[in-house]
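*Asks:*
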Ligand code: TYD
Ligand code: MG
């Protein structure tokens, strides 16, 4: 019999080696290498990545059939959209986000809707008592008998519960959160890298063997990554991030990894007294409270996946009191703003170095799409000249370093969305204008940002 291979890994960064070292070759930390815990019992190998291990023989791709019934709805449209059209049987989904953002609420609402659809659900919480969960549930609505709650941190108990004969066959299991559960055979604290790793791999095995779809909640560290190394993200099928600032009530749900769909769909929610409500028209939501006829406020249209969202870009330009002008960017890349300031200075001949510039995406959405360039330039120009743009006009387009205006993708979609929102004209790249099939509103195509200066 072959000798069992020893594996060591770093508690900090997850780096793996076959030899023990005092210093981790990956992150250079000392005394962090530990031996990977052996899993008791025969055949309980770590999960290798195959959904249903079949015969071991290769199959012709044309003969592989896909069951469309393998996908089912979460009962929350926005969540289905982000998942790529619903949950896949046996899929492992990680939901990450800052504390208090609403992960538990979202998943409890999902459990409620799914149990209404006739599925059997187990909601495991390692963070809250049954009473606390019930209190939250009472705010959300009425629940039925198909949803079971378990307040438990030992994953072995959870596994026994799921496979236990006195329980129904669960279709969906939620584990809130991966950092609070532990496996007995691993002798480090819950939340440590080795625990997170072993627990995730045990959950993954369970999901793939039983076909239960599992959702796990993962806390996010200060740096904005799910606590525990990237390895957690590699192991699961889908990674969703729930974000938004704590002051505003809306929340965005994004997929950063999705084995079963695209990763650029966005789900928008609003936190209410009765839980999370779906925001079906994000454009309307984002433009709420937009000032009318104010200098420095420009409407643009960005794309989140395939979804156009209208936004307001605000700029404030004022004379600087220092030698060194200030630049502030909220909701967009700071370097992009600095670059656009240089373009304005050089290509439009405006001395931006005498002015402080503040740029903000109203509503708190974070965007990094170059199509916002023209709107930012227009907002800065509008604030600089103290002149407002017509209220029913919106702008999009990318600005190049020599001042040229470059085409952006899916212009038609953006224009249709704006038309739906009641906009009557737009300033867009010339190249986009020429390719439009349908012009529901008046379009001004421009080739150079100097033309923008004339239009405002
Ligand atoms: P929660 O789901 O506990 O966040 P997470 O699991 O991500 O840590 O959400 C907690 C916040 O949501 C809390 O500050 C209260 C608020 N909330 C509401 O505003 N309305 C509600 O109906 C619920 C259930 C929570
Ligand atoms: Mg929670």
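Residue numbers (our numbering): 8 to 463.
Even for Gly, the Cβ is constructed at its ideal location relative to N, Cα and C.
1) Which parts of the region 97-122 are runs of the beta strand (DSSP E), unbroken and 3 residues or longer, counting only runs that do not cross its ends?
2) Using only CA atoms, which one of 408, 143 and 416 lies nearest to residue 455?
3) Just mark residue 293 as buried or exposed, buried being the case when its beta carbon has 16 or more other beta carbons within 10 Å.
4) Would you report the Cα separation of residue 314 and residue 24, rounded to the nearest angstrom?
5) To the nearest angstrom, how far is it from the Cα of residue 30 to the Cα of residue 240?
6) Does the region 244-258 come close enough to the region 95-107 to have 3 or more Cβ pairs within less than 8 Å?
7) Per DSSP, what kind of secondary structure is residue 168 in: helix, strand or coil?
8) Can you look up residue 358 in the DSSP assignment and give me helix, strand or coil?
9) Ignoring anything shorter than 4 residues, give me the alpha helix (DSSP H) runs that lie fully in the region 403-445, in order along the chain.
10) Check whether the Cβ of residue 148 sits closer than 7 Å to any heavy atom of ligand 1, and report yes or no.
11) Which residue from 97, 22, 68 and 129 puts its Cα closest to that of residue 33?
12) Does the beta carbon of residue 5 fall short of 7 Å from some heavy atom of ligand 2?
13) By the 10 Å Cβ neighbour count, where 16 or more other Cβ atoms means buried, how is residue 397 classified, buried or exposed?
14) Name the DSSP bridge partner or partners of residue 226?
15) Please classify residue 341 as buried or exposed, where buried requires at least 16 neighbouring CB atoms within 10 angstroms.
16) Buried or exposed for residue 289, please, with buried defined as at least 16 other CB atoms from any protein chain shown within 10 angstroms of its CB.
17) Out of 195, 383 and 460, which one is the CA nearest neighbour of residue 318?
18) What three-state label does DSSP hand residue 351 in the structure shown?
19) Should residue 136 be counted as a contact of ligand 2 given a C-beta to heavy atom distance under 7 Å?
20) Quick check on the DSSP output: the beta strand (DSSP E) that includes residue 279 runs from which residue to which?
21) For residue 324 and residue 390, which I take to be in contact (beta-carbon distance under 8 Å), what is that distance rounded to the nearest angstrom?
22) Looking at the strands, I want to know which residues DSSP matches up with residue 259.
23) Nearest CA to the CA of residue 217: which residue from 244, 176 and 151?
24) Going by beta-carbon coordinates alone, are residue 247 and residue 261 separated by less than 8 Å?
25) With 16 as the cutoff for other CB atoms within 10 Å, does residue 89 come out buried or exposed?
26) To which residues of the same chain is residue 48 closer than 6 Å at the C-beta, ignoring the five residues directly before and after it?
27) I need the straight-line Cα distance from residue 372 to residue 190, nearest angstrom please.
28) If you compare alpha carbons, which of 72, 421, 98 and 446 is closest to residue 81?
29) By DSSP's criteria, residue 315 is part of a beta bridge. Which residues make up the other side?
30) Nearest to residue 110 by CA position, among 95, 283 and 208, is which residue?
31) Quick check: what's the CA-CA separation for residue 263 versus residue 135?
32) Use the C-beta contact count for residue 223: other C-beta atoms within 10 angstroms, 16 or more gives buried, fewer gives exposed.
33) Quick one: does the C-beta of residue 110 sit closer than 7 Å to a heavy atom of ligand 2?
34) So, with DSSP's three-state summary, where would you put residue 206?
35) Using the Cβ count rule (16 or more neighbours within 10 Å means buried), how would you classify residue 439?
*Replies:* According to the structure data:
1) 99-104
2) 408
3) buried
4) 44 Å
5) 25 Å
6) yes
7) helix
8) coil
9) 418-427 and 437-442
10) no
11) 22
12) There is simply no residue 5 to check, as the chain begins at 8 and stops at 463 in what is shown.
13) exposed
14) 104
15) exposed
16) buried
17) 383
18) helix
19) no
20) 273-279
21) 4 Å
22) 250 and 275
23) 176
24) yes
25) buried
26) Because residue 48 sits at a pLDDT of 45, beneath the cut-off of 50, its placement in the model cannot be relied upon, and the point is left open.
27) 39 Å
28) 98
29) 310
30) 283
31) 27 Å
32) buried
33) yes
34) helix
35) buried
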